[in-house]
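Peer 1: Chains as they are written, first to last, in this note's numbering: chain A, 214 to 557; chain B, 214 to 557. Note that CB positions come from ideal geometry on N, CA and C, so glycine has one too. Just passing along the structure, written as structure tokens.
2 protein chains.
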Amino acid sequence: MASELTSSGRPSMNDVARAAGVSLKTVSRVVNGVASVSPVLAAQVQSAIEALNYRPDIGASNLRRSDRRTGTIALLLEDVGNPFSAALHRAVEDEARTRDVQVLTGSLDEDPLREKELARAFTMRRADGLIIAPASADQSYLSAEFQDDTPVVFVDRPGHGIAADTVLATNVIGAAEATRHLIDHGHRRIAYLGDYTRISTARQRHQGYLDAMQAAGLTPDPAYFIPDLHTTPAAESTVIELLHRAEPPTALFTGQNLVTIGAVRALRRLGLHRTVALIGFDDFPLADLLEPAVTVIAQDPAMMGRIAAQALFGRIEGDDAPPRRHWIPTTLIRRGSGELPPGP
Amino acid sequence: MASELTSSGRPSMNDVARAAGVSLKTVSRVVNGVASVSPVLAAQVQSAIEALNYRPDIGASNLRRSDRRTGTIALLLEDVGNPFSAALHRAVEDEARTRDVQVLTGSLDEDPLREKELARAFTMRRADGLIIAPASADQSYLSAEFQDDTPVVFVDRPGHGIAADTVLATNVIGAAEATRHLIDHGHRRIAYLGDYTRISTARQRHQGYLDAMQAAGLTPDPAYFIPDLHTTPAAESTVIELLHRAEPPTALFTGQNLVTIGAVRALRRLGLHRTVALIGFDDFPLADLLEPAVTVIAQDPAMMGRIAAQALFGRIEGDDAPPRRHWIPTTLIRRGSGELPPGP
DNA sequence: TGTGTCTGAGACAACGTTGTCTCGCAGTGA
DNA sequence: TCACTGCGAGACAACGTTGTCTCAGACACA
Chain A
214 MASELTSSGR
224 PSMNDVARAA
234 GVSLKTVSRV
244 VNGVASVSPV
254 LAAQVQSAIE
264 ALNYRPDIGA
274 SNLRRSDRRT
284 GTIALLLEDV
294 GNPFSAALHR
304 AVEDEARTRD
314 VQVLTGSLDE
324 DPLREKELAR
334 AFTMRRADGL
344 IIAPASADQS
354 YLSAEFQDDT
364 PVVFVDRPGH
374 GIAADTVLAT
384 NVIGAAEATR
394 HLIDHGHRRI
404 AYLGDYTRIS
414 TARQRHQGYL
424 DAMQAAGLTP
434 DPAYFIPDLH
444 TTPAAESTVI
454 ELLHRAEPPT
464 ALFTGQNLVT
474 IGAVRALRRL
484 GLHRTVALIG
494 FDDFPLADLL
504 EPAVTVIAQD
514 PAMMGRIAAQ
524 ALFGRIEGDD
534 APPRRHWIPT
544 TLIRRGSGEL
554 PPGP
Chain B
214 MASELTSSGR
224 PSMNDVARAA
234 GVSLKTVSRV
244 VNGVASVSPV
254 LAAQVQSAIE
264 ALNYRPDIGA
274 SNLRRSDRRT
284 GTIALLLEDV
294 GNPFSAALHR
304 AVEDEARTRD
314 VQVLTGSLDE
324 DPLREKELAR
334 AFTMRRADGL
344 IIAPASADQS
354 YLSAEFQDDT
364 PVVFVDRPGH
374 GIAADTVLAT
384 NVIGAAEATR
394 HLIDHGHRRI
404 AYLGDYTRIS
414 TARQRHQGYL
424 DAMQAAGLTP
434 DPAYFIPDLH
444 TTPAAESTVI
454 ELLHRAEPPT
464 ALFTGQNLVT
474 IGAVRALRRL
484 GLHRTVALIG
494 FDDFPLADLL
504 EPAVTVIAQD
514 PAMMGRIAAQ
524 ALFGRIEGDD
534 APPRRHWIPT
544 TLIRRGSGEL
554 PPGP
């Protein structure tokens, strides 16, 4: 157990070499599984490694290696604590795991400055690639940041100012499907309630709503267009105000999770949860256990993460085809709230 | 815009030095904010940095630096996709952010082998510290893995075989409070339904249940002790079976999130959700919107993450006091399901 | 026996950066 | 004018590792 280290910290290959009575380079060969080492020496090296608890420093390795891979990718999401981001994160991790790659994560909180700070932090750590759900309006800074030699994949939201693979939900189609579903159930006064207009998914979902209304020959009433809701309390109070109007909508289409939940709370407080129809974009846990259960346009964050990670690793491994755009389909899940008829 | 790089990849300090007409070391001084550089040269260096989009390689920096900090910590959780882990992760990130530290994450899925693999992967990346919710029974391997020079903090579950700071919820107290609450509402036949017994939190919550029963002079019926439930479907079918027995319990105490949700589903299917009382350990979104709303013992994963991160950074910065144990209190939230009286 | 080939293993430089040492030069005081 | 001080800035080695080169020795063959 007596360790013969020159330095006080972790043992290095040199310490292992000394302990095993071989050259540094031979230790390197054993660690990297190069075949041309005689079994006798290899065994000596192995036991020295175990005696000293030697662990290679992949930072130093990376510095010298020709492929320059750190075995680390970066993942920038809206908020690793929210269910959508968390599910996507998990799927990325699963893909990374099969390749022995680790994942550095960061939350952007819709803050463009934070996005740039984190991009820089990850550049300085020489991540092999980046998956990002961008918060800022323009990602052209990324090509300078990464010198165009680190692949980038956009997920959930498209990037701007830089060509890269992109993985998106079918926001327009899904929102149109939700709206059409409400129209098919007899609704005409349908309100759209969405997130900040600067967020592209919010704009697309609104677009889908408009498309479906127009396709049905209905004129969307601007009074029913309610953007810039970002939190549950904001959505709740806004819905209460909306339903107190002289001519309230008979159906609500909510363009985001927290907004949907705010709407559910508001309808409950007003006792209108069995009267006013509701469809939310993005599924959430227990939606099926509410009264009435909430009809949603479900996204598939796990698939988005998986496809994004596969695209990224493809690029890291040398795929240099033109950037691709992957559409991940949404699904209408009928549960009750979206099938309520309009009042008399 | 013409870049004068020797190498084809990212520019190095050498490239910046050449472009600015100064020595490599002067660039290093400017990058590290050493004051003793004349303003003129510093400005030349700055503009060369910007022209070349130079970004320091903190891996190389770390290799040479005396403090040996990578500015990266590792976080090992049960599953970054579940709400508890995700909330904890987010809190750790927030603490790390104030210190310009990035977070490497990994999910263990109750797999001891995965725990060891990830510990090794993070050692090889020379993380400055580790926060872990352990899946294996013994973490003594960590002191070899980290050579005792990388601080470790256990969170949610205690570690074994290695002394380290530990951040735990008051599982026994919280579970006892839940059970007492049911007893106070007149229940005598109370079932405990929990996760795998090998998980320490599951054992502690069961212990709290036993404590409260005994304190009330009740003998816990072994038939009402139902361990090893890990998923919602398993919990759902088990609860259905349980309530079909000749003498079913009048109240359920569920020791974990997914089990609670399985119980809610089962009670709904049986139409007993207003008859059989239910208290769950760990809060979950929308628990207050169910019918009846679900009474829970709420944990505070964000506080657990924050305290764990603060403890870890304290150690990283040199705190060498004996290991501490931090207890994060749980809170009983009365919502209705836990206040139902026993049937006649 | 001499020559050539092969193989295993060590020597050395280099990756990008920082710690330490040294040196030149301007400014100071006698 | 001459030492002395102080300060800015460069030279050099080193961190832990791998790529490349070289060399010693075993072996085969003419």
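Report the three-state DSSP secondary structure of Q512(A) (helix, strand or coil).
Peer 2: Q512(A) falls in the coil class under three-state DSSP.
Peer 1: For Q257(A), count neighbouring Cβ atoms within 10 angstroms of its own Cβ and tell me buried if that reaches 16, exposed if not.
Peer 2: Answer is buried; the Cβ neighbour count reaches 16.
Peer 1: Kindly indicate which three-state DSSP category R339(A) falls into: helix, strand or coil?
Peer 2: In this structure, R339(A) counts as coil in the three-state DSSP scheme.
Peer 1: Using a Cβ cut-off of 9 Å, pull out every chain A residue sitting near P554(B), in sequence order please.
Peer 2: Correct list: empty, because the minimum Cβ distance to chain A is about 22 Å.
Peer 1: Mind checking whether G421(A) and A377(A) have CB atoms under 8 Å apart?
Peer 2: No, the pair does not count as a contact, with Cβ atoms beyond the cut-off.
Peer 1: Going along chain A in order, which residues have a C-beta closer than 9 Å to the C-beta of A550(B)?
Peer 2: According to the sequence shown, residue 550(B) is Ser rather than Ala. What S550(B) touches in chain A: nothing, since even the nearest Cβ is about 12 Å away.
Peer 1: Nearest to D441(A) by alpha carbon, out of Q469(A), I453(A), T463(A) and L465(A)?
Peer 2: Per the Cα distances, Q469(A).
Peer 1: Can you check whether the CB of A448(A) is closer than 8 Å to the CB of L471(A)?
Peer 2: For L471(A) and A448(A), yes; Cβs fall inside 8 Å.
Peer 1: Taking DSSP's pairing of strands, which residues face R538(A) in a bridge?
Peer 2: Bridge partners of R538(A): T379(A).
Peer 1: Using a C-beta to C-beta distance shorter than 7 Å, which residues of chain A count as neighbours of S320(B)?
Peer 2: Correct list: R303 and E306.
Peer 1: With a threshold of 8 Å between beta carbons, is T201(B) in contact with chain A?
Peer 2: This structure cannot settle anything about residue 201(B), because the visible part of chain B is limited to 214 through 557.
Peer 1: Do G246(A) and L289(A) have their C-beta atoms closer together than 8 Å?
Peer 2: In this structure, L289(A) does not lie closer than 8 Å to G246(A) by Cβ.
Peer 1: Could you check if S216(B) is buried or exposed, using at least 16 other CB atoms within 10 Å of its CB as the buried criterion?
Peer 2: In this prediction, S216(B) has a pLDDT of 39, which is less than 50 and means its spatial position is unreliable; what the coordinates show is noted afterwards. Looking at its Cβ environment, which holds fewer than 16 other Cβ atoms inside 10 Å, S216(B) is exposed.
Peer 1: Which of the three DSSP states, helix, strand or coil, is assigned to T451(A)?
Peer 2: Helix at T451(A).
Peer 1: Can you have a look at D495(B) and say buried or exposed, based on whether 16 or more other CB atoms are within 10 angstroms of its CB?
Peer 2: Its Cβ being crowded by 16 or more others within 10 Å, D495(B) is buried.
Peer 1: For D533(B), decide whether its Cβ has a neighbour in chain A, counting only Cβ atoms nearer than 8 Å.
Peer 2: Chain A, which has no Cβ nearer than 8 Å to the Cβ of D533(B), makes this no.
Peer 1: Do R281(B) and G222(A) have their C-beta atoms closer together than 8 Å?
Peer 2: In contact: R281(B) and G222(A) (Cβ atoms closer than 8 Å).
Peer 1: In chain order, what residues of the same chain have a beta carbon less than 7 Å from the beta carbon of A261(B), not counting five sequence neighbours either side?
Peer 2: The residues are V229, A232 and A233.
Peer 1: Restricting to Cα atoms, I'd like to know which of N384(B), P557(B), L503(B) and A506(B) is closest to W540(B).
Peer 2: Of the candidates N384(B), P557(B), L503(B) and A506(B), the one whose C-alpha sits nearest the C-alpha of W540(B) is N384(B).
Peer 1: Measure from the C-beta of S225(B) to each C-beta in chain A and report whether the shortest distance is under 8 Å.
Peer 2: Not one chain A Cβ lies under 8 Å of S225(B).
Peer 1: CA-CA distance, A459(B) and T451(B)?
Peer 2: Rounded to the nearest angstrom, the two C-alpha atoms are 15 Å apart.
Peer 1: Across which residues does DSSP place I344(B) in a beta bridge pair?
Peer 2: I344(B) pairs with L288(B) and V366(B).
Peer 1: Which chain B residues are close to I333(A), counting only those with a beta carbon under 8 Å from its beta carbon?
Peer 2: Note that residue 333(A) is Arg in the sequence shown here, rather than Ile. Within chain B, the residues near R333(A) are R268.
Peer 1: So what does DSSP say about S220(B), is it helix, strand or coil?
Peer 2: Any reading at S220(B) needs caution, since the residue's pLDDT is 46, under 50, leaving its predicted position unreliable; the model's value is listed next. Coil, per DSSP.
Peer 1: Which whole-angstrom value describes the C-beta separation of L317(B) and A340(B), a residue pair presumed to lie in contact below a C-beta threshold of 8 Å?
Peer 2: Yes, they are in contact, since the Cβ atoms of L317(B) and A340(B) sit about 6 Å apart, within 8 Å.
Peer 1: Just to confirm my understanding: we take T219(A), look at its own chain, exclude 5 residues before and 5 after, and list those with CB closer than 6 Å. What are they?
Peer 2: Per-residue confidence for T219(A) stands at a pLDDT of 45, beneath the threshold of 50, marking its modelled position as unreliable; the derived number appears in the next sentence. Closer than 6 Å at Cβ, skipping near neighbours: no residue.
Peer 1: Output, in chain order, the set of chain B residues within a Cβ distance shorter than 8 Å of R281(A).
Peer 2: Under the 8 Å cutoff, chain B gives G222.
Peer 1: Straight-line CA distance for L301(A) to D313(A)?
Peer 2: Rounded to whole angstroms, L301(A) to D313(A) spans 18 Å at the Cα level.
Peer 1: Can you check whether the CB of I439(B) is closer than 8 Å to the CB of Y409(B)?
Peer 2: No, these two residues do not count as a Cβ contact at 8 Å.
Peer 1: Looking only at its own chain, which residues have a Cβ that is under 8 Å from the Cβ of G294(A), when we skip the five neighbours before and after it?
Peer 2: Closer than 8 Å at Cβ, skipping near neighbours: S320.
Peer 1: By a C-beta neighbour count over all protein chains shown, 10 Å radius and 16 as the cutoff for buried, is T467(B) buried or exposed?
Peer 2: T467(B) comes out buried.
Peer 1: Could you tell me which uninterrupted alpha helix (DSSP H) segments, each at least 4 residues in length, are contained entirely in the segment 453-506 of chain B, listed from first to last along the chain?
Peer 2: Runs found: 470-483.
Peer 1: Rounded to a whole number of angstroms, what is the C-alpha to C-alpha distance between R303(A) and R481(B)?
Peer 2: If I take the Cα positions, the gap works out to 30 Å.
Peer 1: At a CB distance below 9 Å, what residues from the segment 425-457 of chain B approach chain A? Give them in sequence order.
Peer 2: Residues: none.
Peer 1: Which residue or residues does DSSP assign as beta-bridge partners of T318(B)?
Peer 2: Paired residue(s): V316(A) and L288(B).
Peer 1: For chain B, check one thing: does any of its Cβ atoms lie closer than 8 Å to the Cβ of T219(A)?
Peer 2: Note that T219(A) scores a pLDDT of 45, beneath 50, so its modelled location is shaky and nothing firm can be said.
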